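Student: Numbering (our numbering), first residue to last: 4 to 128. The structure that follows is given in the form of structure tokens.
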Amino acid sequence: PGGRASAMGAAACQQGFDQRWKVDEGQVLGREEHVTVYMCTQRCAPEKHYIFKEISTELADTTAAHCLKRELKILKALGRHQDIVSLVDHDQTSVGRLRLVLEFCEGGALYDRIKQLGRYPERDA
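Pasting the structure below:
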């Protein structure tokens, strides 16, 4: 049974976006006007957590849509960097919806931490 589950998990990693990622819609981490953020796991390796960011692009104006495209392009170009949250996966196949999977960084939002402390050394960030 364990081997079969592992094989099924490995197969899920090779499938489409929805088959690769399991989103915990009961665990909303944040919500703004056009963005909802959830916790998610990769189906083939469920022990590691990621951030799932779902962005509605239907109501975005031209400037906002341009900013989203530019952000995605930059995240792709950066790849893995030790000081920047990395883009792990993304999906643009649904009209009016952009879905991003990002590294999960424990410790909460950096902005909230800086606000709480007043200043925050770059190395600690």
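The beta carbon of each residue, even a glycine, is placed where N, CA and C say it ideally should be. All of these numbers come straight from a predicted model, not from anything done at the bench.
Here's the rule: buried if 16 or more other CB atoms are within 10 angstroms of the residue's CB, otherwise exposed. What is Leu81?
Tutor: Here residue 81 refers to the residue found at position 78 of the sequence shown. Exposed, since its Cβ has fewer than 16 Cβ neighbours within 10 Å.
Student: Near Glu61, what residues of its chain come up, given a Cβ to Cβ distance below 6 angstroms and the 5 sequence neighbours on each side ignored?
Tutor: Here residue 61 refers to the residue found at position 58 when the sequence shown is read from its first residue. Within the same chain, Glu61 has close Cβ partners Gly99.
Student: Tell me which same chain residues have a C-beta within less than 8 angstroms of the C-beta of Asp92, skipping the five on either side of it?
Tutor: Translated into the one-based positions of the sequence shown, residue 92 becomes position 89. The beta carbon of Asp92 is closer than 8 angstroms to those of Phe20, Arg23, Trp24, Leu103, Val104 in its chain, skipping five residues each way along the sequence.
Student: Between which two residues does the beta strand (DSSP E) harbouring Phe55 extend?
Tutor: Locating residue 55 in the sequence shown gives position 52, where the first residue counts as 1. First-last of the beta strand (DSSP E) with Phe55: 48-59.
Student: Could you tell me whether any non-hydrogen atom of the ligand ZN is closer than 7 angstroms to the CB of His69?
Tutor: Only the bare structure without any ligand can be found here, which leaves the ligand ZN out of the picture.
Student: Please report how far the alpha carbon of Leu71 lies from the alpha carbon of Thr44, in whole angstroms.
Tutor: Within the sequence shown, residue 71 is the residue found at index 68, counting from 1. Within the sequence shown, residue 44 is the residue found at index 41, counting from 1. Straight-line Cα distance between these residues: approximately 24 angstroms.
Student: In its own chain, which residues sit with a C-beta less than 8 angstroms from the C-beta of Glu50, not counting the 5 before and 5 after it?
Tutor: Taking the first residue of the sequence shown as 1, we reach residue 50 at position 47. Once the five neighbours on either side are set aside, the close Cβ partners of Glu50 are Thr44.
Student: Let's see if you can read the secondary structure: which residues bound the alpha helix (DSSP H) around His69?
Tutor: On the sequence shown, residue 69 is found 66 positions in, with the first residue counted as 1. Here the alpha helix (DSSP H) through His69 covers 65-81.
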